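Read through the structure below, which is laid out as structure tokens, and then see the notes.
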Amino acid sequence: MKLYGSLVSPYVARAVFAARLKGLSLEAQTPPGGGIKSPEFLALNPLGKMPALEDAGRVVPESMVILDFLEDAHPQPALLPAKPMDRAQARLLGRIVDLYIMNQLGVFFRNMNPASRNDTDIEAAKAALHKSIGQLEHFMGDGRYAVGEELGYGDVAIFPCLMMTQSVVANFGITDLYAGHKRLTRWWQQMQADPRTAAFVTEYQAAITAFLSRR
Ligand SMILES: N[C@@H](CCC(=O)N[C@@H](CS)C(=O)NCC(=O)O)C(=O)O
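Structure, rendered in structure tokens:
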């Protein structure tokens, strides 16, 4: 298997994180042709986005689909919980992050420069983000992890995206994305404390910090 893209992308990081928890050797690598818009890569993945996973001559893009592929192709150790509703909840958390949280990062990225910042847009984006964080929390369980008591698919689906989100919004005065959200606060602390996530947290946070320092 090959995973095309750069680790700094939270979508690529999702796949890397899942592979690590499964004990698979799968690291992000430069796409064929040197980038995601190269003719060579577009021939494999006309979506022109990272990540794309190549296996046995076939290519699958879209990080959540890649997570499902990894789960199907390498079922043990399982990241998805056993019960159908828990599995749905794990997938739902990823969907909420993608549709309602990650889609708001563009406003922050476009306003990174304080000198040209549109404060009205930023205040609106902060309010929308706060609302979405509350909606995400609503669908989290009461266990130690995103779904229940085991580290798994739900955590993988949301953690890299929320690491990126927290790092971006820290530039706009939001030091605690989960302020007022007890379950998310407990989960966030749990994810930092888990020895199985420690190496990933260190590596991914370094990639985010380097990326943001260049913007
Ligand atoms: N829904 C996609 C999103 C992938 C995505 O937007 N990746 C970004 C990097 S973080 C990208 O490749 N952007 C390039 C572009 O949109 O042209 C997934 O989950 O894989």
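Using our numbering, you'd call the opening residue of the sequence shown number 222 and step up by one each time. The C-beta atom is built at its ideal place from N, Cα and C for all residues, glycine as well. Owing to the predicted nature of the structure, the values given are computational and were not obtained by experimental measurement.
Check	Outcome
Where does V389 sit, in a helix, a strand or coil, going by DSSP?	helix
Between the stretch 360 to 380 and the stretch 310 to 317, do three or more beta carbon pairs fall short of 8 Å?	yes
Please classify R279: does DSSP put it in a helix, a strand, or coil?	strand
Any heavy atom of ligand 1 closer than 6 Å to the beta-carbon of M222?	no
Under three-state DSSP, which class holds Y399?	coil
Thinking C-alpha only, which one of L398, L268, A414 and L320 is nearest G256?	L268
On the three-pair Cβ rule with 8 Å, is the stretch 244 to 259 touching the stretch 276 to 283?	no
How many angstroms separate the CA atom of Q426 from the CA atom of M384?	7 Å
Short of 8 Å in beta carbon distance, which residues of its chain neighbour I322, apart from the five on each side in sequence? Order them along the chain.	L350, S353, I354, L357, C382, L383 and T386
Check the C-beta distance from A236 over to L224 and give it rounded, since I have them as a contact under 8 Å.	6 Å
Near D319, what residues of its chain come up, given a Cβ to Cβ distance below 8 Å and the 5 sequence neighbours on each side ignored?	M285 and C382
Pop quiz: F329 and V368 are said to be a contact at Cβ under 8 Å. What is the actual Cβ separation, rounded to whole angstroms?	The Cβ separation is near 28 Å, so there is no contact.
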